[in-house]
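Data block below; observations after.
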Amino acid sequence: MRINSKYLIALMILLMTMNLRAQEEAPSLINYVPNANLVVVKINNAKDLKAALENHPLKSLINSDKAKEILDETLQIFDKEDVDITVKEIEKKVIDKIFNSFTGEVFFTISYKPAEVNKYDPRPRLICSIIAQADSGPFQAFIKAGAKYADKAVGQKTVTPQSHEGVEYTSLRVEDDLPGSAFVAFVNGVGICSNDEETCQKMIKAVVKKTPYENGLKTNEKVVSYFSANAKKDILCFADLIPYFKNEMANEKSNTKTVMEMLKLDKLFQINAAIDIDEKGDSFDVV
1 MRINSKYLIA LMILLMTMNL RAQEEAPSLI NYVPNANLVV VKINNAKDLK AALENHPLKS
61 LINSDKAKEI LDETLQIFDK EDVDITVKEI EKKVIDKIFN SFTGEVFFTI SYKPAEVNKY
121 DPRPRLICSI IAQADSGPFQ AFIKAGAKYA DKAVGQKTVT PQSHEGVEYT SLRVEDDLPG
181 SAFVAFVNGV GICSNDEETC QKMIKAVVKK TPYENGLKTN EKVVSYFSAN AKKDILCFAD
241 LIPYFKNEMA NEKSNTKTVM EMLKLDKLFQ INAAIDIDEK GDSFDVV
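All residue numbers in the sequence shown are consecutive under the working numbering, ending with 287.
Spelled out as structure tokens, the structure:
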């Protein structure tokens, strides 16, 4: 069968146009991600990664109770007083549901916020956020599981529906603004979660209006350049511990102050990591 070259060229142009439109309709989530001065983790495609890990030795390590406990510690989602077995079971289900909801690109960020610059803060604030391409059903189940947990938790919590930019989000607020607060929304195929309400609202606005998050992660040249250079890796990690060390250096009573000064850790401590999961052999690069 012969195909006229004119029709072939026209077909190629049509396919290219369709591909460009698809890219415009589904921009990278990095446009909507808040900036972070401590940790950034990017998963390129959670759905493919889940499939790759199904029969992988790392599955038992990543999808384990211990791994969930570490995540719990990092996010500080649950209060230490909540030791009731029923609550612990709900806790596991909450974590399971958010991971099961991820279908594509995922970003996890942590920002380190001491109360005052150049003054030691023994309990600096951590702003943790997750934004991910997700499946509505499992993500809504994650929100409901979190609300169910709040009803049984020891700490005083209030679960209320809120609205921003015409989008309803769930507010799980802990008295005295403790780290256990959470603000969660699902909009346009994107799941949003943060322990800071203003951050959650800014992500909602960015996704709804399809405009970059103001002064967001895309403005962080160190992160963007590393992620761009390793765009095909399954998991990308960036950690800059300078804010942490600056806070510790401001503590005159710190036993580690002298050691940090000797090692120059107060001046530079940045880690980049790229992980590629492949049945022929995984790669793990650290800089």
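Even for Gly, the Cβ is constructed at its ideal location relative to N, Cα and C.
Starting from the Cα of A141, find the closest Cα among K246, K257, Y244 and F186 and give me that residue. F186
In terms of residue numbering, what span does the alpha helix (DSSP H) encompassing T103 cover? T103 -> not in any alpha helix (DSSP H); beta strand (DSSP E) instead, spanning F102 to K113.
Can A134 and S101 be called in contact, C-beta distance under 7 Å? yes
Backbone CA spacing between T199 and M262 [nearest angstrom]: 37 Å
I need the straight-line Cα distance from A51 to D96, nearest angstrom please. 16 Å
Taking just the CA atoms, how far does E197 sit from A239? 24 Å
With a threshold of 16 other CB atoms inside 10 Å of the CB of G191, please say whether the residue is buried or exposed. buried
Would you report the Cα separation of I130 and F108, rounded to the nearest angstrom? 5 Å
Report the rounded CA-to-CA distance for V117 versus N220, giving the unit in angstroms. 20 Å
Per DSSP, T158 is paired with what? R173
Contact set for K218: own chain, Cβ-Cβ below 7 Å, skip 5 residues either direction: I30, N31, P212 and V224
Give me whichever residues DSSP pairs with D135 in a beta bridge. Looking at the DSSP assignment, D135 forms no beta bridge with any residue, so it has no partner.
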